[in-house]
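This report concerns only the one structure given below.
Numbering (this note's numbering), first residue to last: 1131 to 1584.
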């Protein structure tokens, strides 16, 4: 028994010292790296060489730790280089070193520490290629993942394309495609969609997706730098707060003269419409509304079922969800795949996003936003739609229980000259689960005339 206690004590002291060294490395390594120095690997991922650099500098991927592991081709595909970057206004984030791999795909995750697996997508492409489960074209798509604080709330951004900083006017296109997600507003659900859209646009324009405030799971070892230039909102997790959250994101990360194509999905359509209304200075050339929940949500067939659950019994639902989150990760993965088993071709990224959702804080934010949707999304904002009709495209689902065909017919009757479409392909409201590439191809076709006028 005494020997066991000594072992436990030594392990505790090691973890404390390792954590202390990591914190020192984040501060000191940034200074030494600018002089050519290197930082020690993260104690939680000691097999991963970690360098610290500032955005715009070339990461050092050829240090002693890298040499000890041998050539890149001989390393396990899921254990690749990581870099802590510190960007202005973005905070710390993880990204793959360019010399190790140039792309980032998400077919699945290998068994690795949670902090790395939540953010590292590069390196898994080799395993996916060996299994033959994705095309070679997808492996070359550059995807960058960041975590930041906007209006006091944790936010995740996925950037598809080589342009990480849009303020570099020499090399950045003057058009940004920005996806406003539905609820849950996890960016992981849109991983395949933005990749397919980026390829459909011939890789000429950046395609980004920004999470809703609080709809992300920040890795444990990652420190987020607070955005001191923007005041915290009283209710950033509510429907109005989410709109202001997106506007603050644009003000902070996108130049004012940048043209925008907004792509809203579900409640993201309502938010996109509010953004156009509240910020007329935005140069939006097209706003695509996919399965738009912009009116009478509580009166929709699905809303009649979910409104009591979300508004009156929300706190009761927390208990079974909390018990599920206590299960091992492998069991939760099996449960997610069991729920998605009815889909013909479910996207693997949706499985990973669903596992990231298994966090009590995230679930509380998701359900709180949903409860506000039921209460506040009532009347259609016909005046804003009429004012911007020429730049709006609506796409309704033929079997959508959140925005039924009746809503489409009424929209079509009120705005006969509008670009209002009804799905003829049987695509579900949650298209990101199985039809991301198909919807991306349609969006690409719809925006061709706008791109030709640039």
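A virtual CB, placed ideally from N, CA and C, is assigned to each residue, including glycine.
A Cβ-Cβ separation of about 6 angstroms places residue 1421 in contact with residue 1395 under the 8 angstroms criterion.
Annotation for residue 1301: 1293 place their beta carbon closer than 8 angstroms to its own, counting only its chain and skipping 5 residues before and after. Taking a contact as a CB-CB distance under 8 angstroms, the pair residue 1390 and residue 1374 does not count as one, their CB atoms being some 17 angstroms apart. The Cβ atoms of residue 1566 and residue 1277 do not sit closer than 8 angstroms to each other.
Boundaries of the beta strand (DSSP E) harbouring residue 1417: 1413–1420, taken from the DSSP string. Taking a C-beta distance under 8 angstroms as the contact criterion, residue 1549 and residue 1522 qualify as a contact pair. Look at residue 1338 here: in three-state DSSP terms it is strand.
Looking from the CA of residue 1398, the closest CA among 1457, 1575, 1340 and 1552 belongs to 1340. The C-beta distance from residue 1504 to residue 1440 rounds to 6 angstroms, short enough to fall under 8 angstroms. With contacts defined by Cβ atoms closer than 8 angstroms, residue 1347 and residue 1492 form a contacting pair. DSSP links residue 1273 through a beta bridge to 1290.
The closest CA to that of residue 1470, considering only 1563, 1419 and 1367, is found on 1563.
Collapsing the DSSP output to three states places residue 1549 in a strand. Between residue 1310 and residue 1377, the gap from beta carbon to beta carbon reaches 8 angstroms or more.
In the three-state reduction of the DSSP assignment, residue 1479 falls in the helix class, which pools H, G and I.
Between residue 1506 and residue 1412, the C-beta spacing is not below 8 angstroms. Boundaries of the alpha helix (DSSP H) harbouring residue 1375: 1369–1383, taken from the DSSP string. Taken atom to atom, the span from the alpha-carbon of residue 1540 to that of residue 1425 is near 11 angstroms.
If you look at residue 1394, you'll find it in the beta strand (DSSP E) that goes 1389–1395. Boundaries of the alpha helix (DSSP H) harbouring residue 1328: 1321–1330, taken from the DSSP string. Under the DSSP assignment, residue 1523 falls in the beta strand (DSSP E) whose first and last residues are 1522–1526.
Exclusion of the five residues before and after residue 1444 leaves 1497 and 1501 as the residues of its chain whose Cβ lies within less than 7 angstroms of its Cβ. Non-local beta-carbon contacts of residue 1365 in its own chain, meaning distances under 8 angstroms to residues more than five positions away in sequence, involve 1371 in chain order.
Put simply, the backbone Cα of residue 1542 is about 10 angstroms away from that of residue 1536. Membership of residue 1310 in the beta strand (DSSP E) is indicated by the continuous run 1305–1310.
With contacts defined as CB atoms closer than 8 angstroms, residue 1576 and residue 1418 qualify as a contacting pair. The beta carbon of residue 1513 lies closer than 8 angstroms to none in the same chain, with the five residues before and after it left out. In this structure, the beta-carbon distance from residue 1336 to residue 1303 falls below 8 angstroms. With a cutoff of 8 angstroms on beta-carbon distance, residue 1319 and residue 1430 are scored as not near each other. Straight through space, the alpha carbons of residue 1316 and residue 1487 are spaced by roughly 8 angstroms.
Within the same chain, Cβ atoms closer than 6 angstroms to the Cβ of residue 1286 are found at 1277, 1317, 1341 and 1346, the five residues on either side in sequence being excluded. About 7 angstroms separates the CB atoms of residue 1524 and residue 1551; that is less than 8 angstroms, so the two are in contact.
Between residue 1556 and residue 1529, the C-beta gap is smaller than 8 angstroms, which places the two residues in contact.
In this model, residue 1350 and residue 1275 are separated by some 16 angstroms (Cα to Cα). Assignment of residue 1435 by DSSP, reduced to helix, strand and coil, places it in the helix class.
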